[in-house]
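Visitor: The sequence shown finishes on residue 369 if you use full-length UniProt numbering, and the numbering steps up by one all the way, no holes. Cβ atoms here follow ideal geometry from the backbone N, Cα and C, with glycine treated the same way. For reference, the structure I am asking about is given below.
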Amino acid sequence: MKSRAAVAWEAGKPLQIEEVDVAGPKQGEVLLRMVATGVCHTDAFTLSGDDPEGIFPSILGHEGGAVVEEIGPGVTTLKPGDHVIPLYTPECGQCKFCKSGKTNLCQAIRATQGKGLMPDGSSRFSLNGKTIFHYMGTSTFSEYTVVPEIAVAKINKAAPLDKVCLLGCGVTTGIGAVLNTAKVEPGATVAIFGLGGIGLSAIQGAVMAKAGRIIAIDINEDKFEMARLLGATDFVNPKKFDAPIQEVIVDMTDGGVDYSFECIGNVNLMRAALECCHKGWGESVIVGVAGAGQEIATRPFQLVTGRVWRGTAFGGVKGRSQLPGYVDQYMSGDIKLDDFVTHTMGLEDINKAFDLMHEGKSIRSVVLF
Ligand code: NAD
Ligand code: AHE
Ligand code: ZN
Ligand code: ZN
């Protein structure tokens, strides 16, 4: 079938709207009709050329809300008409990782997914006979996309797909980083570096965890108002201080924070986020994604003296079994999404979403199909 899609032809170039060919779902796959998709910083990261796994031409996008259009042979848990969120972290329930009880990082299809291919090693997208690659197993910047059954969370049909699409990445990641990865406890002091869709969601998670103090850090002070509305208690612009930001936070907090979250993708701030943690117990979670070749550094003494470095993907959430519950929490008012959608646009204007992100003007742009 034909599908309107935003194609990333090469790194660093705007996406181009094309009418691509989409092959039908094969064994264990489903065809989805996208209703809405958020644009996450990771899409911009891959488009920039910094992602070692970036492949071109490809169809980016991984924060979708969709309806099942058609199911392939062998699919048993989904049917046409189901409302779903595609999962870049699938959940097969069978692999060593799924069974470990220790991680959400299902590896059943990770190898092919990283090569821009479906599990059988081929792509469902093409244009004039030329292969277009998938992205993160989801490719939500297309009206129609094909995904494996294990990479689909079936959700409440009453939920608005143009809002709950944000649970496909950003909001779930931020909340999950706090609740699942760090397991912040009531009364804790928390520092959040970067107040985009992820960092603001981490603030939301910190409020859910009943953190006592939530320090919001960003160089764009326009982000502070929403951080305050969500429940942040302190606001810090590192540009306003001569001292390294970790020293500033340590001085503000009687020796450092209990938990910090790096939600930017900057290795220098990953170091600062670790080093602003309290001696003996402070834990720092890396959420931001850094480019090819970049590495983190700190004095080992920081760890010897009890600070802990962790990382998280998709907030540690298992998509098929746990994401529907996040949707229900939105429906019951316990998770906020509406205010995160600062801009909406048609697919033809998707490049505007990237411009708004780079200009620091949006939290999330949502593309409506
Ligand atoms: P975003 O662009 O919306 O927000 C980033 C924020 O960081 C902005 O508010 C910006 O002003 C701020 N910032 C930039 N440089 C800064 C600096 N030097 N000091 C302080 N603040 C600074 O991005 P996002 O969509 O919220 O994504 C944030 C990061 O999280 C990205 O690296 C993204 O790739 C990553 N991410 C990771 C996961 C995961 O599963 N680990 C999931 C989603 C996104
Ligand atoms: N491909 C990159 C890493 C990108 C990355 O870390 N992706 C996160 C999700 S970001 C969502 O916005 C993730 O899930 N990572 C775990 C995984 O298996 O990809 C690289 O550096 O190669
Ligand atoms: Zn994302
Ligand atoms: Zn698995």
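Near V289, which residues of its chain fall below 7 Å by C-beta distance, leaving aside the five closest residues on each side in sequence?
Guide: If we look at V289 and ignore the five residues flanking it on each side, its Cβ neighbours are T42, F45 and G265.
Visitor: With a threshold of 7 Å on Cβ separation, who are the neighbours of G306 within its own chain once the five nearest residues in sequence on each side are excluded?
Guide: Cβ neighbours of G306 beyond the five flanking positions: K279, G280 and W281.
Visitor: Which residues in the same chain have their Cβ closer than 7 Å to the Cβ of L56, if we skip the five residues on either side of it in sequence?
Guide: The question names Leu, yet the displayed sequence has Phe at residue 56. Within the same chain, F56 has close Cβ partners A8, W9, E10 and A11.
Visitor: My parser needs the beta strand (DSSP E) runs of 3 or more residues fully inside the region 339-369; what are they?
Guide: Taking only runs of at least 3 residues, the beta strand (DSSP E) segments lying wholly in the region 339-369 are 341-346 and 364-368.
Visitor: Of the choices N104, G137 and A272, whose alpha-carbon is the least far from that of Y259?
Guide: For Y259, the nearest C-alpha among the options comes from A272.
Visitor: Take L337 as the anchor and find which of D162, D82, K183 and M252 has the nearest alpha-carbon.
Guide: Per the Cα distances, D162.
Visitor: How many angstroms separate the CA atom of I198 from the CA atom of S321?
Guide: Their Cα atoms are separated by approximately 22 Å.
Visitor: Could you spell out where the alpha helix (DSSP H) holding M226 opens and where it closes?
Guide: Its alpha helix (DSSP H) spans residues F224 to L230.
Visitor: What residue from I175, R110 and I71 has the CA that sits closest to G325's CA?
Guide: If we check each option's Cα against that of G325, I175 comes out closest.
Visitor: With DSSP as the reference, identify every bridge partner of G212, one or two as the case may be.
Guide: DSSP, once it has assigned bridges, lists no residue as partnering G212.
Visitor: Which residues in the same chain as T172 place their Cβ atom closer than 7 Å to its Cβ, once the five residues preceding and following it in sequence are excluded?
Guide: If we look at T172 and ignore the five residues flanking it on each side, its Cβ neighbours are F314, G315, V317, L323 and Y326.
Visitor: Please indicate yes or no: does the CB of F314 lie closer than 7 Å to some heavy atom of ligand 6?
Guide: As presented, the structure is devoid of ligand 6, carrying ligand 1, ligand 2, ligand 3 and ligand 4 as its sole ligands.
Visitor: Taking the continuous beta strand (DSSP E) assigned at Y259, which residues delimit it?
Guide: That run of the beta strand (DSSP E) goes Y259 to E262.
Visitor: For T76, which beta-bridge partners are listed by DSSP?
Guide: Paired residues: none, contrary to the question.
Visitor: With hydrogens ignored, establish whether the beta-carbon of Q107 is closer than 7 Å to any heavy atom of ligand 4.
Guide: Because some heavy atom of ligand 4 lies under 7 Å away, the Cβ of Q107 counts as near it: yes.
Visitor: Going by beta-carbon coordinates alone, are K79 and V67 separated by less than 8 Å?
Guide: Cβ distance not < 8 Å, so K79 and V67 don't count as in contact.
Visitor: Going along the chain, which residues of its own chain have a beta-carbon closer than 6 Å to the beta-carbon of G38, five neighbours each way excluded?
Guide: Excluding sequence neighbours, G38 sits near E63, C165, L166, R364 and V366.
Visitor: Have a look at the DSSP bridge pairing and note the partners of F235.
Guide: BP columns for F235 point to A216.
Visitor: Buried or exposed: where does M357 fall if 16 or more other Cβ atoms within 10 Å of its Cβ makes it buried?
Guide: The residue is buried, with at least 16 neighbouring Cβ atoms inside 10 Å.
Visitor: Determine, using beta-carbon pairs with one atom in the region 211-222 and one in the region 233-243, whether at least three such pairs fall under 8 Å.
Guide: Verdict: yes, contact present.
Visitor: Going by the CB atoms, is the gap between A292 and P90 shorter than 8 Å?
Guide: No, these two residues do not count as a Cβ contact at 8 Å.
Visitor: I'd like to confirm the pairing. Which residues does DSSP put opposite G64 in its beta bridges?
Guide: In the DSSP output, where bridge partners are listed per residue, G64 has T37.
Visitor: From the DSSP output, in three-state form, read off K154 for me.
Guide: Here K154 sits in strand by DSSP.
Visitor: Nearest by alpha-carbon distance to E225: which of I203, F141, P119 and Y135 is it?
Guide: Nearest option by C-alpha distance: I203.
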